[in-house]
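Enquirer: Quick note on numbering: this note's numbering labels position 77 of the sequence shown as 83, and the sequence is numbered without any gaps. Glycine included, each C-beta is placed from N, C-alpha and C at the ideal position. Sharing a structure with you now.
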Amino acid sequence: MFTTVLVASVLAVSAQTDFYTDIDQQEDIILTNETALGEFLGAPCEETCSSMLINVYCKPETLRCECIKGYPVNIGISRGCAKPAQIGEQCYYFQTCIFTDQNAECVQISHNAVCQCKTGYHPVTVLRPLKRVFCTQDLVVITTDMPTLLGVATGLAIFTALICFVLKLFVGARPRHYANSNLSQPILFAQSGEYF
């Protein structure tokens, strides 16, 4: 069963990789084809670009099809441009999420596609100076297990016993013939009978 799942996941990954390589090869073919006036993003144009391209216009200065202002996300040279989507906003293309944050992805939730952080990342909101939401990597929480806990407790117990033993040695090695401070001072008499 495990090998079947493993083989299926490897095939799915290779199929996805093939899909993206096919798109790249198609885009390379389109980019080298200079006869397709206004048919794709970045193509030369005369006055207008293809109506199949979303949010694209023919820029008069360069005579090339470019994204309209406010739609900076390139969703494919044969598709056009789109607005970037923030974390938590609805998205139609995965590129709109990645444009905002490289650790975000467009995920379908209850019949809606929403920009969310990838697995292993979580959203963080910064309110000042402007509200901004971005994805940051999750921290690995240190987990305790019983062998580690017992090892640390044993080490502390041995350390405490050694400290007590050393202190006992120092206390026991002290000489016991010190003078007693509770005795009164001796009175010395002079030959004349006066005392000092």
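For ILE115, name the three-state secondary structure that DSSP assigns.
Expert: Note: ILE115 maps to strand in three-state DSSP.
Enquirer: Specify whether the region 58-67 and the region 78-96 touch according to this definition: at least 3 beta carbon pairs, one from each stretch, less than 8 Å apart.
Expert: With the cut-off at 8 Å, the region 58-67 and the region 78-96 touch.
Enquirer: Which stretch, first to last residue, makes up the beta strand (DSSP E) that contains ILE81?
Expert: Looking at the DSSP string, the run of the beta strand (DSSP E) that includes ILE81 is 79-82.
Enquirer: Classify GLY157 as helix, strand or coil using the three-state DSSP reduction.
Expert: Note: GLY157 maps to helix in three-state DSSP.
Enquirer: Is it buried or exposed, THR102, if we count other Cβ atoms within 10 angstroms and call 16 or more buried?
Expert: So THR102 ends up on the buried side.
Enquirer: Going along the chain, which residues of its own chain have a beta-carbon closer than 7 Å to the beta-carbon of ASP28, five neighbours each way excluded?
Expert: The predicted model places ASP28 with a pLDDT of 45, which falls under 50 and marks its position as unreliable, so this point remains unresolved.
Enquirer: In three-state DSSP terms, what is CYS55?
Expert: The answer is coil: DSSP assigns CYS55 none of H, G, I, E or B.
Enquirer: So what does DSSP say about PHE87, is it helix, strand or coil?
Expert: The question names Phe, but residue 87 in the sequence shown is Cys. Of the three classes helix, strand and coil, the one that applies to CYS87 here is strand, per DSSP.
Enquirer: Would you give the residue range spanned by the alpha helix (DSSP H) that GLN101 belongs to?
Expert: Counting along the chain, the alpha helix (DSSP H) containing GLN101 begins and ends at 100-106.
Enquirer: Cα-Cα, which of ALA42, MET152, ILE164, LEU156 is closest to SER84?
Expert: SER84 has its Cα closest to that of ALA42, out of ALA42, MET152, ILE164, LEU156.
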